[in-house]
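Here this note's numbering runs 6 ahead of the position in the sequence shown, where the first position is 1.
Notes follow the structure.
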Amino acid sequence: MISTENIYTLIEFDNYSLTPKYLQLCNCIIKAVQDGTISQDYLLPSINNLSYELEIGRNTVEKAYRYLKRFGFIKSVPGKGYFISCKEPQKSPSVCLIFNKLSVHKKIIYDTLTKALGFNAIVDLYIYNNDFSHFKHILEVKRDNYSHFVIIPHFVDGGNYADKIINSIPKDKLILMSQLVKGVSGKYGAVFEDFEKEIYNALSAALIRLRKYKSIQIIFPENTYHPEAILDGFAKFCNDHHFGHQIIRNIDKANLQSETVYICLMEDDLVILVKKILETGYKVGAEIGIISYNETPIKQIILNGITTISADFKFMGEMAAKFIKDGIKQHLAVPFYLTLRNSL
(Lines of atoms letter the chains of each structure in order from A; the text may use other names.)
(Lines give C-alpha, C1' and ligand atoms only; values in the text may rest on other atoms or scores of the structure.)
Protein backbone atom coordinates (compact mmCIF):
# COMPACT_ATOMS: atom_id res chain seq x y z
CA MET A 7 0.00 0.00 0.00
CA ILE A 8 1.37 3.42 -0.98
CA SER A 9 1.07 6.01 1.78
CA THR A 10 -0.53 9.44 1.66
CA GLU A 11 2.24 11.35 3.39
CA ASN A 12 3.01 13.71 0.47
CA ILE A 13 -0.47 14.28 -0.91
CA TYR A 14 -0.99 17.62 0.84
CA THR A 15 2.04 19.15 -0.86
CA LEU A 16 0.45 18.37 -4.24
CA ILE A 17 -2.82 20.20 -3.65
CA GLU A 18 -3.05 23.93 -4.09
CA PHE A 19 -6.18 26.05 -4.47
CA ASP A 20 -6.27 29.23 -6.50
CA ASN A 21 -8.71 31.64 -4.88
CA TYR A 22 -8.68 33.84 -7.98
CA SER A 23 -9.93 31.02 -10.20
CA LEU A 24 -13.66 30.60 -10.73
CA THR A 25 -13.21 26.85 -11.12
CA PRO A 26 -15.15 25.24 -8.22
CA LYS A 27 -12.89 23.99 -5.43
CA TYR A 28 -14.00 20.39 -5.83
CA LEU A 29 -12.82 20.50 -9.46
CA GLN A 30 -9.57 22.19 -8.44
CA LEU A 31 -9.04 19.32 -6.01
CA CYS A 32 -9.78 16.79 -8.77
CA ASN A 33 -7.40 18.59 -11.10
CA CYS A 34 -4.57 18.47 -8.55
CA ILE A 35 -5.00 14.72 -8.06
CA ILE A 36 -5.26 14.06 -11.81
CA LYS A 37 -2.17 16.17 -12.48
CA ALA A 38 -0.20 14.32 -9.80
CA VAL A 39 -1.04 11.00 -11.46
CA GLN A 40 -0.28 12.29 -14.95
CA ASP A 41 3.07 13.64 -13.74
CA GLY A 42 3.90 10.29 -12.13
CA THR A 43 4.08 11.79 -8.65
CA ILE A 44 1.48 9.31 -7.44
CA SER A 45 0.38 6.11 -9.14
CA GLN A 46 -2.04 3.20 -9.05
CA ASP A 47 -3.01 1.99 -5.55
CA TYR A 48 -1.95 5.27 -3.95
CA LEU A 49 -4.02 5.63 -0.78
CA LEU A 50 -5.79 8.96 -0.65
CA PRO A 51 -6.61 10.64 2.67
CA SER A 52 -10.00 10.07 4.23
CA ILE A 53 -12.67 12.67 3.57
CA ASN A 54 -12.38 13.92 7.15
CA ASN A 55 -8.60 14.21 7.08
CA LEU A 56 -8.48 15.95 3.72
CA SER A 57 -11.20 18.33 4.82
CA TYR A 58 -9.33 19.12 8.04
CA GLU A 59 -5.84 19.51 6.54
CA LEU A 60 -6.96 21.65 3.60
CA GLU A 61 -9.53 23.61 5.65
CA ILE A 62 -12.32 22.94 3.18
CA GLY A 63 -15.80 21.52 3.68
CA ARG A 64 -16.47 17.79 3.77
CA ASN A 65 -19.00 18.31 0.98
CA THR A 66 -16.24 19.64 -1.27
CA VAL A 67 -14.07 16.56 -0.70
CA GLU A 68 -17.03 14.20 -1.06
CA LYS A 69 -18.01 15.83 -4.35
CA ALA A 70 -14.44 15.57 -5.66
CA TYR A 71 -14.14 11.91 -4.72
CA ARG A 72 -17.55 11.11 -6.24
CA TYR A 73 -16.49 12.84 -9.45
CA LEU A 74 -13.19 10.94 -9.66
CA LYS A 75 -14.89 7.66 -8.78
CA ARG A 76 -17.59 8.16 -11.40
CA PHE A 77 -14.96 8.25 -14.12
CA GLY A 78 -13.03 5.29 -12.73
CA PHE A 79 -10.06 7.37 -11.64
CA ILE A 80 -10.30 6.26 -8.01
CA LYS A 81 -11.95 3.36 -6.23
CA SER A 82 -13.16 2.90 -2.68
CA VAL A 83 -12.55 -0.19 -0.54
CA PRO A 84 -14.83 -0.50 2.51
CA GLY A 85 -12.87 -0.18 5.72
CA LYS A 86 -9.68 0.88 3.91
CA GLY A 87 -10.40 4.09 2.01
CA TYR A 88 -9.96 5.60 -1.45
CA PHE A 89 -7.25 4.50 -3.88
CA ILE A 90 -5.99 5.63 -7.26
CA SER A 91 -7.33 3.00 -9.66
CA CYS A 92 -6.07 4.08 -13.10
CA LYS A 93 -2.91 2.39 -14.38
CA GLU A 94 -1.55 4.63 -17.11
CA PRO A 95 -3.70 7.74 -17.43
CA GLN A 96 -3.67 9.42 -20.79
CA LYS A 97 -1.82 12.73 -20.78
CA SER A 98 -4.55 15.31 -21.18
CA PRO A 99 -4.41 19.04 -21.82
CA SER A 100 -4.29 21.61 -19.06
CA VAL A 101 -6.30 24.62 -20.15
CA CYS A 102 -6.43 28.16 -18.82
CA LEU A 103 -9.74 29.77 -19.81
CA ILE A 104 -9.60 33.55 -19.61
CA PHE A 105 -13.06 35.09 -20.15
CA ASN A 106 -13.92 38.77 -20.12
CA LYS A 107 -17.02 38.32 -17.95
CA LEU A 108 -19.56 35.85 -16.65
CA SER A 109 -22.81 35.41 -18.58
CA VAL A 110 -25.28 32.75 -19.64
CA HIS A 111 -23.59 32.24 -23.00
CA LYS A 112 -20.11 32.10 -21.43
CA LYS A 113 -21.40 29.24 -19.28
CA ILE A 114 -22.55 27.47 -22.45
CA ILE A 115 -19.02 27.81 -23.86
CA TYR A 116 -17.45 26.58 -20.61
CA ASP A 117 -19.80 23.59 -20.22
CA THR A 118 -19.49 22.54 -23.86
CA LEU A 119 -15.70 22.89 -23.94
CA THR A 120 -15.08 20.97 -20.70
CA LYS A 121 -17.45 18.19 -21.76
CA ALA A 122 -15.78 17.88 -25.17
CA LEU A 123 -12.27 17.82 -23.65
CA GLY A 124 -13.20 14.97 -21.33
CA PHE A 125 -12.88 14.36 -17.63
CA ASN A 126 -9.07 14.02 -17.59
CA ALA A 127 -8.52 17.54 -18.91
CA ILE A 128 -7.52 20.16 -16.35
CA VAL A 129 -9.48 23.36 -16.91
CA ASP A 130 -9.16 26.52 -14.83
CA LEU A 131 -11.42 29.53 -15.41
CA TYR A 132 -10.42 33.16 -14.81
CA ILE A 133 -12.52 36.30 -15.29
CA TYR A 134 -10.92 39.71 -15.85
CA ASN A 135 -14.11 41.82 -16.12
CA ASN A 136 -13.01 43.57 -19.33
CA ASP A 137 -10.08 45.10 -17.42
CA PHE A 138 -6.81 44.93 -19.37
CA SER A 139 -4.57 45.29 -16.30
CA HIS A 140 -6.25 42.32 -14.65
CA PHE A 141 -6.00 40.34 -17.89
CA LYS A 142 -2.29 41.14 -18.19
CA HIS A 143 -1.67 40.05 -14.59
CA ILE A 144 -3.39 36.69 -15.12
CA LEU A 145 -1.29 35.93 -18.18
CA GLU A 146 1.95 37.02 -16.55
CA VAL A 147 1.33 34.79 -13.53
CA LYS A 148 -0.09 31.78 -15.38
CA ARG A 149 1.89 31.85 -18.64
CA ASP A 150 4.03 28.78 -17.87
CA ASN A 151 1.41 26.69 -16.07
CA TYR A 152 -0.75 25.32 -18.89
CA SER A 153 -0.59 23.47 -22.19
CA HIS A 154 -3.24 25.78 -23.74
CA PHE A 155 -4.74 29.23 -23.26
CA VAL A 156 -8.27 29.94 -24.48
CA ILE A 157 -8.90 33.68 -24.40
CA ILE A 158 -11.92 35.89 -25.04
CA PRO A 159 -10.28 39.30 -25.60
CA HIS A 160 -12.80 42.09 -24.93
CA PHE A 161 -11.57 45.20 -23.10
CA VAL A 162 -13.10 48.53 -22.09
CA ASP A 163 -9.69 50.26 -21.83
CA GLY A 164 -6.13 49.26 -22.60
CA GLY A 165 -6.98 46.77 -25.32
CA ASN A 166 -4.63 48.51 -27.76
CA TYR A 167 -1.77 46.71 -25.99
CA ALA A 168 -3.43 43.29 -25.93
CA ASP A 169 -1.39 41.98 -28.86
CA LYS A 170 1.88 42.44 -26.96
CA ILE A 171 0.88 40.30 -24.00
CA ILE A 172 -0.96 37.71 -26.13
CA ASN A 173 2.06 37.38 -28.44
CA SER A 174 4.08 36.27 -25.41
CA ILE A 175 2.14 32.98 -25.43
CA PRO A 176 3.60 30.27 -27.71
CA LYS A 177 1.22 30.06 -30.66
CA ASP A 178 0.78 26.29 -30.37
CA LYS A 179 -0.80 27.00 -26.96
CA LEU A 180 -3.09 29.85 -28.05
CA ILE A 181 -6.75 29.82 -29.05
CA LEU A 182 -8.65 33.11 -29.37
CA MET A 183 -12.41 33.09 -29.04
CA SER A 184 -15.12 35.58 -29.99
CA GLN A 185 -12.85 38.02 -31.79
CA LEU A 186 -9.40 38.31 -33.34
CA VAL A 187 -6.85 40.77 -31.98
CA LYS A 188 -5.02 43.02 -34.42
CA GLY A 189 -1.25 42.52 -34.16
CA VAL A 190 -1.33 38.94 -32.88
CA SER A 191 1.02 37.15 -35.27
CA GLY A 192 1.93 33.59 -36.20
CA LYS A 193 -0.18 30.47 -36.66
CA TYR A 194 -2.69 29.91 -33.88
CA GLY A 195 -6.24 28.72 -33.42
CA ALA A 196 -9.20 31.10 -33.39
CA VAL A 197 -12.95 30.56 -33.21
CA PHE A 198 -14.28 34.04 -33.83
CA GLU A 199 -17.39 36.08 -34.59
CA ASP A 200 -17.46 38.23 -37.71
CA PHE A 201 -19.38 41.02 -35.99
CA GLU A 202 -19.85 43.26 -39.04
CA LYS A 203 -21.10 40.45 -41.24
CA GLU A 204 -23.17 38.94 -38.43
CA ILE A 205 -25.35 41.96 -37.78
CA TYR A 206 -25.69 42.78 -41.49
CA ASN A 207 -26.87 39.27 -42.36
CA ALA A 208 -29.14 39.01 -39.32
CA LEU A 209 -30.91 42.27 -40.15
CA SER A 210 -31.16 41.17 -43.78
CA ALA A 211 -32.89 37.95 -42.65
CA ALA A 212 -35.37 40.09 -40.67
CA LEU A 213 -35.94 42.58 -43.53
CA ILE A 214 -39.59 41.72 -44.18
CA ARG A 215 -40.53 42.48 -40.57
CA LEU A 216 -38.26 45.53 -40.41
CA ARG A 217 -40.07 47.13 -43.36
CA LYS A 218 -42.98 48.17 -41.15
CA TYR A 219 -40.64 50.51 -39.21
CA LYS A 220 -39.13 53.79 -40.37
CA SER A 221 -35.88 53.76 -38.40
CA ILE A 222 -33.50 51.50 -36.51
CA GLN A 223 -31.55 52.61 -33.46
CA ILE A 224 -28.73 50.65 -31.82
CA ILE A 225 -27.91 51.07 -28.13
CA PHE A 226 -24.11 51.19 -28.06
CA PRO A 227 -22.73 52.75 -24.83
CA GLU A 228 -19.70 55.04 -25.00
CA ASN A 229 -17.58 52.85 -22.74
CA THR A 230 -18.25 49.34 -23.97
CA TYR A 231 -16.14 46.32 -24.81
CA HIS A 232 -18.21 45.57 -27.91
CA PRO A 233 -16.28 45.94 -31.19
CA GLU A 234 -16.92 48.91 -33.48
CA ALA A 235 -17.39 46.43 -36.33
CA ILE A 236 -20.97 46.00 -35.10
CA LEU A 237 -21.65 49.66 -35.89
CA ASP A 238 -20.06 49.28 -39.32
CA GLY A 239 -22.38 46.41 -40.22
CA PHE A 240 -25.37 48.23 -38.74
CA ALA A 241 -24.73 51.42 -40.72
CA LYS A 242 -24.10 49.49 -43.94
CA PHE A 243 -27.40 47.63 -43.64
CA CYS A 244 -29.39 50.78 -42.88
CA ASN A 245 -27.81 52.67 -45.78
CA ASP A 246 -28.26 49.80 -48.22
CA HIS A 247 -31.94 49.42 -47.33
CA HIS A 248 -32.75 53.09 -46.76
CA PHE A 249 -33.58 53.01 -43.06
CA GLY A 250 -33.12 56.03 -40.86
CA HIS A 251 -30.65 55.05 -38.16
CA GLN A 252 -29.04 56.33 -35.00
CA ILE A 253 -26.60 55.27 -32.30
CA ILE A 254 -27.86 55.67 -28.73
CA ARG A 255 -25.01 56.07 -26.25
CA ASN A 256 -27.20 56.26 -23.11
CA ILE A 257 -30.60 54.59 -23.15
CA ASP A 258 -31.43 56.16 -19.78
CA LYS A 259 -31.59 59.60 -21.41
CA ALA A 260 -33.15 58.55 -24.71
CA ASN A 261 -36.75 59.33 -25.65
CA LEU A 262 -38.47 56.40 -27.29
CA GLN A 263 -39.95 56.93 -30.73
CA SER A 264 -42.71 55.01 -32.45
CA GLU A 265 -42.08 53.17 -35.73
CA THR A 266 -38.57 52.46 -34.50
CA VAL A 267 -36.62 49.25 -33.88
CA TYR A 268 -34.18 49.22 -30.97
CA ILE A 269 -31.17 46.90 -30.98
CA CYS A 270 -29.76 46.06 -27.52
CA LEU A 271 -26.28 44.63 -27.01
CA MET A 272 -26.27 44.65 -23.20
CA GLU A 273 -28.70 42.91 -20.85
CA ASP A 274 -28.81 45.93 -18.52
CA ASP A 275 -29.81 48.19 -21.41
CA LEU A 276 -32.53 45.74 -22.41
CA VAL A 277 -34.03 45.97 -18.92
CA ILE A 278 -34.07 49.78 -19.11
CA LEU A 279 -35.59 49.69 -22.60
CA VAL A 280 -38.37 47.31 -21.52
CA LYS A 281 -39.16 49.53 -18.51
CA LYS A 282 -39.41 52.58 -20.76
CA ILE A 283 -41.69 50.75 -23.17
CA LEU A 284 -43.99 49.68 -20.35
CA GLU A 285 -44.11 53.27 -19.07
CA THR A 286 -44.93 54.77 -22.47
CA GLY A 287 -47.46 52.12 -23.42
CA TYR A 288 -46.09 51.55 -26.91
CA LYS A 289 -47.16 48.25 -28.44
CA VAL A 290 -44.14 46.01 -28.93
CA GLY A 291 -43.99 44.38 -32.35
CA ALA A 292 -46.21 47.04 -33.90
CA GLU A 293 -45.22 50.56 -32.80
CA ILE A 294 -41.80 49.62 -31.44
CA GLY A 295 -39.54 46.71 -32.30
CA ILE A 296 -36.81 45.08 -30.20
CA ILE A 297 -33.82 43.00 -31.22
CA SER A 298 -31.49 41.73 -28.49
CA TYR A 299 -28.02 40.25 -28.77
CA ASN A 300 -27.36 36.74 -27.40
CA GLU A 301 -30.08 34.17 -26.96
CA THR A 302 -31.13 33.30 -23.40
CA PRO A 303 -34.18 31.30 -22.24
CA ILE A 304 -35.82 34.30 -20.55
CA LYS A 305 -36.03 36.13 -23.89
CA GLN A 306 -38.54 33.56 -25.06
CA ILE A 307 -40.92 34.92 -22.42
CA ILE A 308 -40.26 38.67 -21.95
CA LEU A 309 -42.90 40.77 -23.77
CA ASN A 310 -44.26 37.59 -25.31
CA GLY A 311 -40.92 36.84 -26.94
CA ILE A 312 -37.91 38.98 -27.90
CA THR A 313 -36.16 38.58 -31.24
CA THR A 314 -32.47 37.74 -30.84
CA ILE A 315 -29.23 37.71 -32.82
CA SER A 316 -26.87 35.14 -31.39
CA ALA A 317 -23.65 33.34 -32.18
CA ASP A 318 -23.66 29.58 -31.78
CA PHE A 319 -21.88 29.41 -28.43
CA LYS A 320 -22.14 25.63 -28.22
CA PHE A 321 -20.31 25.39 -31.55
CA MET A 322 -17.70 27.81 -30.22
CA GLY A 323 -16.95 25.60 -27.22
CA GLU A 324 -16.92 22.40 -29.26
CA MET A 325 -14.53 23.80 -31.86
CA ALA A 326 -12.16 25.23 -29.24
CA ALA A 327 -11.98 21.76 -27.67
CA LYS A 328 -11.33 20.18 -31.07
CA PHE A 329 -8.57 22.70 -31.80
CA ILE A 330 -6.94 21.79 -28.47
CA LYS A 331 -7.18 18.00 -28.92
CA ASP A 332 -6.15 17.97 -32.59
CA GLY A 333 -3.59 20.79 -32.52
CA ILE A 334 -5.52 22.78 -35.15
CA LYS A 335 -4.14 26.23 -35.98
CA GLN A 336 -6.76 27.84 -38.20
CA HIS A 337 -9.27 30.66 -37.94
CA LEU A 338 -12.90 29.58 -38.01
CA ALA A 339 -15.90 31.92 -38.12
CA VAL A 340 -18.70 30.97 -35.75
CA PRO A 341 -22.21 30.43 -37.18
CA PHE A 342 -24.88 32.86 -36.01
CA TYR A 343 -28.64 32.69 -36.05
CA LEU A 344 -31.59 35.04 -35.95
CA THR A 345 -34.56 33.97 -33.84
CA LEU A 346 -37.66 35.92 -34.84
CA ARG A 347 -40.25 36.48 -32.12
CA ASN A 348 -43.15 38.82 -31.42
CA SER A 349 -40.97 41.81 -30.44
CA LEU A 350 -40.31 42.55 -34.13
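All C-beta atoms in this analysis are idealised placements derived from N, C-alpha and C, irrespective of residue type, glycine included.
Residue j beta carbon less than 9 angstroms from that of residue i
{"i": "Phe-105", "j": "Ile-90", "result": "no"}
{"i": "Gly-189", "j": "Ala-211", "result": "no"}
{"i": "Cys-34", "j": "Glu-59", "result": "no"}
{"i": "Ser-100", "j": "His-154", "result": "yes"}
{"i": "Gly-165", "j": "Tyr-231", "result": "yes"}
{"i": "Ser-45", "j": "Glu-273", "result": "no"}
{"i": "Phe-249", "j": "Ile-222", "result": "yes"}
{"i": "Leu-271", "j": "Ile-296", "result": "no"}
{"i": "Asn-126", "j": "Ile-13", "result": "no"}
{"i": "Asn-256", "j": "Glu-285", "result": "no"}
{"i": "Ile-144", "j": "Leu-182", "result": "no"}
{"i": "Ser-23", "j": "Asp-117", "result": "no"}
{"i": "Pro-2", "j": "Gln-306", "result": "As shown, the chain starts at 7 and ends at 350. That puts residue 2 outside it, with no answer to give."}
{"i": "Ile-269", "j": "Ile-225", "result": "yes"}
{"i": "Gly-239", "j": "Glu-199", "result": "no"}
{"i": "Ile-62", "j": "Lys-27", "result": "yes"}
{"i": "Lys-75", "j": "His-160", "result": "no"}
{"i": "Ile-115", "j": "Met-322", "result": "yes"}
For residue i, the nearest candidate out of the options (CA to CA)
{"i": "Ala-317", "options": "Glu-285, Pro-341 and His-251", "result": "Pro-341"}
{"i": "Lys-220", "options": "Gly-42, Ile-315, Thr-266 and His-160", "result": "Thr-266"}
{"i": "Leu-237", "options": "Ile-214, His-248 and Ile-254", "result": "Ile-254"}
{"i": "Ala-235", "options": "Ala-127, Asn-261, Tyr-206 and Tyr-268", "result": "Tyr-206"}
{"i": "Lys-177", "options": "Tyr-14, Lys-335 and Leu-346", "result": "Lys-335"}
{"i": "Ala-326", "options": "Asp-258, Glu-285, Leu-180 and Leu-276", "result": "Leu-180"}
{"i": "Lys-81", "options": "Asp-137, Val-147, Leu-50 and Arg-64", "result": "Leu-50"}
{"i": "Gly-287", "options": "Ser-298, Asn-300 and Gln-263", "result": "Gln-263"}
{"i": "Lys-331", "options": "Leu-123, Ile-214 and Phe-77", "result": "Leu-123"}
{"i": "Ile-214", "options": "Leu-56, Leu-346, Thr-15 and Glu-61", "result": "Leu-346"}
{"i": "His-247", "options": "Phe-226, Lys-218, Ala-260 and Asn-261", "result": "Lys-218"}
{"i": "Lys-113", "options": "Leu-56, Asn-348, Gly-311 and Glu-301", "result": "Glu-301"}
{"i": "Ala-208", "options": "Phe-226, Ile-175, Lys-242 and Asp-20", "result": "Lys-242"}
{"i": "Gly-195", "options": "Ala-339, Ile-304 and Lys-282", "result": "Ala-339"}
{"i": "Gly-333", "options": "Cys-92, Lys-193, Ile-133 and Asn-136", "result": "Lys-193"}
{"i": "Asn-136", "options": "Asp-150, Val-162, His-111 and Phe-198", "result": "Val-162"}
{"i": "Ile-308", "options": "Thr-25, Leu-279 and Ile-172", "result": "Leu-279"}
{"i": "Lys-328", "options": "Asp-258, Val-197 and Gln-30", "result": "Val-197"}
{"i": "Gln-1", "options": "Asp-47, Arg-76, Tyr-88 and Cys-102", "result": "Look at the range of the chain in this structure, 7 to 350, and you will see that residue 1 is not part of it."}
{"i": "Asn-261", "options": "Lys-282, Lys-121 and Phe-77", "result": "Lys-282"}
{"i": "Thr-314", "options": "Tyr-343, His-337 and Ser-57", "result": "Tyr-343"}
{"i": "Ile-304", "options": "His-111, Ser-57 and Pro-84", "result": "His-111"}
{"i": "Phe-319", "options": "His-140, Leu-119 and Cys-244", "result": "Leu-119"}
{"i": "Asp-47", "options": "Asn-55, Cys-92 and Pro-84", "result": "Cys-92"}
{"i": "Lys-97", "options": "Glu-324, Ile-128 and Ser-349", "result": "Ile-128"}
Continuous beta strand (DSSP E) stretch holding residue i: start and end
{"i": "Gly-195", "result": "195 to 198"}
{"i": "Asp-117", "result": "Looking at the DSSP string, Asp-117 is not in any beta strand (DSSP E); the run it does join, the alpha helix (DSSP H), is 110 to 123."}
{"i": "Leu-103", "result": "100 to 105"}
{"i": "Ile-144", "result": "Premise fails: Ile-144 lies in the alpha helix (DSSP H), 138 to 148, not in any beta strand (DSSP E)."}
{"i": "Val-67", "result": "First-last for Val-67: 64 to 76, but that is the alpha helix (DSSP H), not the beta strand (DSSP E)."}
{"i": "Asp-20", "result": "Element bounds for Asp-20: n/a, residue is neither H nor E."}
{"i": "Asp-130", "result": "128 to 133"}
{"i": "Ile-253", "result": "250 to 254"}
Neighbour flag for residue i against chain C, beta carbons, 9 angstroms
{"i": "Ala-260", "result": "Looking at the structure shown, chain C is missing, and only one protein chain is on hand."}
Segment limits, alpha helix (DSSP H) that includes residue i
{"i": "Ser-57", "result": "53 to 60"}
{"i": "Cys-32", "result": "27 to 40"}
{"i": "Ile-334", "result": "It is not in any alpha helix (DSSP H) - Ile-334 carries neither H nor E in the DSSP assignment."}
{"i": "Pro-236", "result": "In the sequence as presented, Pro is not what sits at residue 236; that position holds Ile. Start and end: 235 to 246."}
Closer than 8 angstroms: residue i CB and nearest the ligand ATP heavy atom
{"i": "Ala-235", "result": "The ligand ATP is not among the ligands present in this structure, which contains no ligands whatsoever."}
Per DSSP, cross-strand counterpart(s) of residue i
{"i": "Ser-82", "result": "Tyr-88"}
{"i": "Phe-342", "result": "Ala-317"}
{"i": "His-232", "result": "DSSP output for His-232 lists no bridge partner at all."}
{"i": "Ile-225", "result": "Ile-254 and Cys-270"}
- Any chance you could list the beta strand (DSSP E) runs of at least 3 consecutive residues sitting entirely within the segment 261 to 302, in chain order? Whole beta strand (DSSP E) segments, 3+ residues: 266 to 270 and 294 to 299.
- Mind listing, in chain order, the continuous beta strand (DSSP E) runs of no fewer than 3 residues lying wholly within the segment 300 to 329? Within the segment 300 to 329, the complete beta strand (DSSP E) runs of at least 3 residues are 313 to 317.
- Task: Identify every run of the beta strand (DSSP E) within the segment 153 to 222, keeping only runs that are complete inside it and at least 3 residues long; order them along the chain.
- Result: Here the runs fully enclosed are 154 to 157, 180 to 184 and 195 to 198.
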